[in-house]
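Below you'll find the structure, written out as structure tokens, and then a few comments.
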Amino acid sequence: MSKSEVREGLAFLMPLILVLVIFILLGVLFTVMDSFFRDVTYLPKKFIGLENYAALFGDRAFRQSIEFTFLFVLVSVPLEVFIGLVIALVLNESFPLRGAVRASILIPWAIPNAVTGRIFELIYNYSYGGANYLLRTLHISSDPVHWLGDPAGAFFSLVLADAWKTTPFAAIILLAGLSAIPSDLYAQARVDRAGFMQRLVKVTLPLLKPVLVVTFLFRTIQALQIFDIIYVLTKGGPGGSTMSLSMYGYLSFSAGDFGYGSAISVILFLMAFGFSLGYLRLGAFGKEIS
Amino acid sequence: MTEERLQKLLLTLGAFFTFLFCLSPFIYMLFTGVSLRPDFLRPDIPFVPTLSHLDAVLTSESMHFLSFLRNSLIVSALSAILTVFIASSAAYAVTRLSFPGKKFLMIAILAISMFPEVSIVNYLFKLMSAMGWINTYPALVFPYVAWTLPLSLWILSSYFARIPQDLDKAGLVDGCSRLRVLLKIIFPVAAPGIFSTGLLAFILAFNEFLFALMLTTDYSARTIPVGIAFFQGMHGRIPWGEIMAAATITTIPVVILTVIFQRRIIQGLTRGAVKE
Numbered sequence: 000m001s002k003s004e005v006r007e008g009l010a011f012l013m014p015l016i017l018v019l020v021i022f023i024l025l026g027v028l029f030t031v032m033d034s035f036f037r038d039v040t041y042l043p044k045k046f047i048g049l050e051n052y053a054a055l056f057g058d059r060a061f062r063q064s065i066e067f068t069f070l071f072v073l074v075s076v077p078l079e080v081f082i083g084l085v086i087a088l089v090l091n092e093s094f095p096l097r098g099a100v101r102a103s104i105l106i107p108w109a110i111p112n113a114v115t116g117r118i119f120e121l122i123y124n125y126s127y128g129g130a131n132y133l134l135r136t137l138h139i140s141s142d143p144v145h146w147l148g149d150p151a152g153a154f155f156s157l158v159l160a161d162a163w164k165t166t167p168f169a170a171i172i173l174l175a176g177l178s179a180i181p182s183d184l185y186a187q188a189r190v191d192r193a194g195f196m197q198r199l200v201k202v203t204l205p206l207l208k209p210v211l212v213v214t215f216l217f218r219t220i221q222a223l224q225i226f227d228i229i230y231v232l233t234k235g236g237p238g239g240s241t242m243s244l245s246m247y248g249y250l251s252f253s254a255g256d257f258g259y260g261s262a263i264s265v266i267l268f269l270m271a272f273g274f275s276l277g278y279l280r281l282g283a284f285g286k287e288i289s
Numbered sequence: 000m001t002e003e004r005l006q007k008l009l010l011t012l013g014a015f016f017t018f019l020f021c022l023s024p025f026i027y028m029l030f031t032g033v034s035l036r037p038d039f040l041r042p043d044i045p046f047v048p049t050l051s052h053l054d055a056v057l058t059s060e061s062m063h064f065l066s067f068l069r070n071s072l073i074v075s076a077l078s079a080i081l082t083v084f085i086a087s088s089a090a091y092a093v094t095r096l097s098f099p100g101k102k103f104l105m106i107a108i109l110a111i112s113m114f115p116e117v118s119i120v121n122y123l124f125k126l127m128s129a130m131g132w133i134n135t136y137p138a139l140v141f142p143y144v145a146w147t148l149p150l151s152l153w154i155l156s157s158y159f160a161r162i163p164q165d166l167d168k169a170g171l172v173d174g175c176s177r178l179r180v181l182l183k184i185i186f187p188v189a190a191p192g193i194f195s196t197g198l199l200a201f202i203l204a205f206n207e208f209l210f211a212l213m214l215t216t217d218y219s220a221r222t223i224p225v226g227i228a229f230f231q232g233m234h235g236r237i238p239w240g241e242i243m244a245a246a247t248i249t250t251i252p253v254v255i256l257t258v259i260f261q262r263r264i265i266q267g268l269t270r271g272a273v274k275e
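Going down the list, the sequences are from chains A and B.
Numbering that gives the first Met the number 0 puts the first sequence at residues 0 to 289.
Numbering that gives the first Met the number 0 puts the second sequence at residues 0 to 275.
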């Protein structure tokens with residue numbers, strides 16, 4: 000490691016470091032600082048210590064948004080990882096039209112969240128949307144459902160729309176994990192006449208566990224931050240029942256209360272960061288960086 | 000039923016489910032975009048195909064769809080190009096030069112990619128206001144570059160690491176500068192990796208919502224996702240035909256690119272998320 004090499008390395012890294020520092024790291028620092036201030040449009044900025052955080056404790060809407068965000072992560076992430084696992088198991092086998100099915104899973108991934116939100120808004124339309132059409136045609140219910148009209152329905156609708164959009168990503172990561180399992184392990188299981196379920200439980204799942212954990216953490220970090228689909232579908236309603244932390248922070252900012260919004264953002268940041276540390280640890284990154 | 004047949008049945012069902020799950024909302028969008036009425040699923044309403052919504056979206060001055068589309072294409076393309084150059088330069092340093100703290104740097108950069116967008120959007124709003132950039136392309140391009148850099152760096156590093164070092168050593172011996180080596184030797188060899196990284200960065204920028212929502216105010220810089228989220232009709236009637244026609248025009252190019260380059264995209268996403 001010569002001195003000139005270090006200097007050259009720094010020169011090649013400089014543009015990246017500058018962009019990340021100016022547009023992201025300073026931003027986080029600024030937000031942390033701002034959360035200790037009364038920073039409201041048209042009022043002079045004033046240091047108020049932990050008052051924003053104290054106010055959060057007494058804020059019913061904030062408690063509701065914490066509850067919603069956690070419940071959303073708890074329900075949607077396992078669901079997405081489960082469906083993703085099923086899709087990955089299917090795609091890991093060879094069958095006719097496998098290429099077409101694999102291409103189809105990238106379509107939800109490629110569509111902007113906002114467009115996904117609009118498509119599902121139409122699907123959940125009370126009088127002619129696809130969801131109520133399915134209920135009627137499959138004879139599940141002849142009465143249409145007000146999907147976005149009550150808290151439980153809105154929650155379920157968001158979970159489903161988000162699952163559609165993000166399951167492909169989980170499936171792709173899990174598929175990479177599956178294809179890394181050496182096939183001779185299955186050959187041995189076949190010799191032992193192990194059935195499909197036995198192979199899944201005894202060979203596949205134990206070997207896939209590290210990738211499963213990483214997928215769980217990765218999806219958790221993203222689901223904690225859910226914003227786009229909520230903005231389009233429910234705006235946090237009805238009655239604040241689907242207000243995510245990102246949404247609440249955004250609403251505070253757009254209402255001109257920057258200090259309070261910053262405090263909400265800091266809480267979300269800390270939660271996501273905690274999971275990120277776990278992710279970075281368990282993902283065993285950096286093993287191959289010398 | 001024998002084990003083998005059961006397995007085949009499960010596989011067929013699974014493939015069918017996957018196909019249906021992923022495609023039905025997309026197909027619903029396509030059909031609504033070319034249907035005279037959005038309520039064609041009702042039993043008493045026939046499906047009458049029409050191109051009037053597509054035509055309206057492409058010609059209506061008041062919807063500004065073409066402005067949104069142009070803004071999205073310019074912002075995403077600029078972001079992708081800048082990201083690829085900056086990330087390549089950094090990936091070169093990471094894979095070819097030795098310096099202290101490399102591992103820490105790589106992991107810190109990965110951690111940055113998981114920060115919630117909302118935790119910096121307030122800062123970006125104030126920064127861009129101070130620069131006078133609100134509602135201009137730079138207000139979006141710089142944050143998008145920053146946001147797509149971590150993933151791009153990880154993907155490109157894994158591509159660059161596979162290029163034999165002898166290639167660039169030969170260049171250095173011939174008296175080329177390191178920058179020349181990167182541009183003239185590594186770029187051509189890593190072209191497929193650079194292309195797929197650029198494509199991923201483009202799609203991520205094309206789909207971004209929150210920054211575009213906060214940092215633009217009208218059609219002169221607003222991008223497609225925000226434009227489509229804001230399409231509202233008059234008198235409480237949502238113009239579903241137009242919205243889905245706009246969604247169709249927006250998503251078809253991305254979907255075609257994705258399907259053509261599916262292997263590369265899958266490779267890129269995988270390399271960015273888990274180490275094989």
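Every residue gets a Cβ at the ideal spot worked out from N, C-alpha and C, and that includes glycine.
Being a predicted model, the structure only gives us computed values, none of them experimental.
Of the residues Asn51(A), Val5(A), Pro14(A), Val114(A), which one's Cα is nearest the Cα of Thr256(A)? One-based indexing of the first sequence puts residue 256(A) at position 257. Note on residue identity: the sequence assigns Asp, not Thr, to residue 256(A). When each option's Cα is compared against that of Asp256(A), the closest is Asn51(A).
Secondary structure at Ser59(B), three-state DSSP: helix, strand or coil? In the second sequence, counting from the first residue as 1, residue 59(B) sits at position 60. Note: Ser59(B) maps to coil in three-state DSSP.
Distance, Cα to Cα, Arg270(B) vs Trp153(B)? Sequence index remark: in the second sequence, residue 270(B) carries index 271 (1-based). Sequence index remark: in the second sequence, residue 153(B) carries index 154 (1-based). Their Cα atoms are separated by approximately 7 Å.
Give the DSSP-derived three-state secondary structure of Arg221(B) in the structure shown. Residue numbering aside, residue 221(B) sits at position 222 when the second sequence is read from its first letter. In the structure shown, Arg221(B) sits in coil (DSSP, three-state: anything other than H, G, I, E or B).
Inter-residue Cα distance where the pair is Gly170(B) and Ile184(B): For this step, residue 170(B) is matched to residue 171 along the second sequence. For this step, residue 184(B) is matched to residue 185 along the second sequence. If I take the Cα positions, the gap works out to 8 Å.
Considering just the uninterrupted stretch of the alpha helix (DSSP H) at Leu278(B), what are its terminal residues? Lying outside 0 to 275, the shown extent of chain B, residue 278(B) is not represented and no answer is given.
Could you work out which residues of chain A lie near Ile119(B), taking near to mean beta carbons separated by less than 7 Å? The count along the second sequence starts at 1 and reaches residue 119(B) at position 120. Within 7 Å Cβ-Cβ: Ile23, Gly26, Val27, Thr30.
Excluding five sequence neighbours on each side, which residues of the same chain lie with their C-beta closer than 8 Å to the C-beta of Tyr185(A)? Locating residue 185(A) in the first sequence gives position 186, where the first residue counts as 1. Correct list, in chain order: Arg198, Val202.
Could you please give the first and the last residue of the uninterrupted alpha helix (DSSP H) stretch that includes Trp108(A)? Looking up residue 108(A) in the first sequence gives position 109. 97 to 109 is the span of the alpha helix (DSSP H), which, as asked, contains Trp108(A).
Supposed close pair Leu267(A), Ser240(A) - CB separation, criterion 8 Å: Locating residue 267(A) in the first sequence gives position 268, counting from the first residue. Locating residue 240(A) in the first sequence gives position 241, counting from the first residue. Not quite, the Cβ-Cβ distance comes to about 18 Å (not below 8 Å), so this is no contact.
Using the C-alpha atoms, what's the distance from Asp149(A) back to Ile237(B)? Against the second sequence, residue 237(B) aligns to sequence position 238. Against the first sequence, residue 149(A) aligns to sequence position 150. Roughly 21 Å between the two C-alpha positions.
Is DSSP giving Arg62(A) helix, strand or coil here? For this step, residue 62(A) is matched to residue 63 along the first sequence. Three-state DSSP puts Arg62(A) in a helix.
Could you check what DSSP says for Pro37(B) in three-state terms: helix, strand or coil? Stepping through the second sequence from its first residue, residue 37(B) is reached at position 38. Note: Pro37(B) maps to coil in three-state DSSP.
May I ask you to report which of helix, strand or coil DSSP gives Pro143(A)? Taking the first residue of the first sequence as position 1, residue 143(A) is located at position 144. Coil.
Would you say Val85(A) and Leu148(B) are within 8 Å of each other, going by their C-beta atoms? Here residue 85(A) is taken as the residue at index 86 of the first sequence, counted from 1. Here residue 148(B) is taken as the residue at index 149 of the second sequence, counted from 1. Contact: no.
What separation, rounded to the nearest whole angstrom, lies between the Cα atoms of Leu139(B) and Gly194(A)? To locate residue 139(B), count along the second sequence from 1; it is residue 140. To locate residue 194(A), count along the first sequence from 1; it is residue 195. Their Cα atoms are separated by approximately 54 Å.
Does DSSP classify Phe230(B) as helix, strand or coil? Here residue 230(B) refers to the residue found at position 231 of the second sequence. It is coil, neither helix nor strand.
Which residues does DSSP list as the beta-bridge partners of Val39(A)? Your numbering for residue 39(A) matches position 40 in the first sequence. BP columns for Val39(A) point to Asp256(A).
Would Trp146(A) and Tyr132(A) be called neighbours here (beta carbons separated by less than 8 Å)? By 1-based counting over the first sequence, the position of residue 146(A) is 147. By 1-based counting over the first sequence, the position of residue 132(A) is 133. No. Outside cutoff.
Beta carbon proximity, Leu241(B) to chain A, threshold 8 Å: As a working note, residue 241(B) is residue 242 in the second sequence. In the sequence as presented, Leu is not what sits at residue 241(B); that position holds Glu. So, not an interface residue.
Neighbour-count burial assignment, Thr257(B), 16 or more Cβ in a 10 Å radius: Counting from 1 along the second sequence, the entry for residue 257(B) is found at position 258. Burial call: buried.
Run through DSSP, which three-state label would Pro237(A) get? Indexing the first sequence from 1 puts residue 237(A) at position 238. Reduced to three states, the DSSP call for Pro237(A) is coil.
Name, please, each residue of chain A whose Cβ falls closer than 7 Å to the Cβ of Ala110(B). The sequence position of residue 110(B) within the second sequence is 111, counting from 1. What Ala110(B) touches in chain A: Ser275, Leu279.
Do the CB positions of Val74(B) and Ser151(B) come within less than 8 Å of each other? Walking along the second sequence from the start, residue 74(B) turns up at place 75. Walking along the second sequence from the start, residue 151(B) turns up at place 152. No. Outside cutoff.
Could you check whether the Cβ of Val18(A) sits closer than 8 Å to any Cβ belonging to chain B? Position 19 of the first sequence holds residue 18(A). Closer than 8 Å: yes.
Would you report the Cα separation of Ser289(A) and Trp146(B), rounded to the nearest angstrom? Sequence index remark: in the first sequence, residue 289(A) carries index 290 (1-based). Sequence index remark: in the second sequence, residue 146(B) carries index 147 (1-based). With a pLDDT of 41 at Ser289(A), under the threshold of 50, the modelled position of that residue is not reliable, and no figure is offered here.
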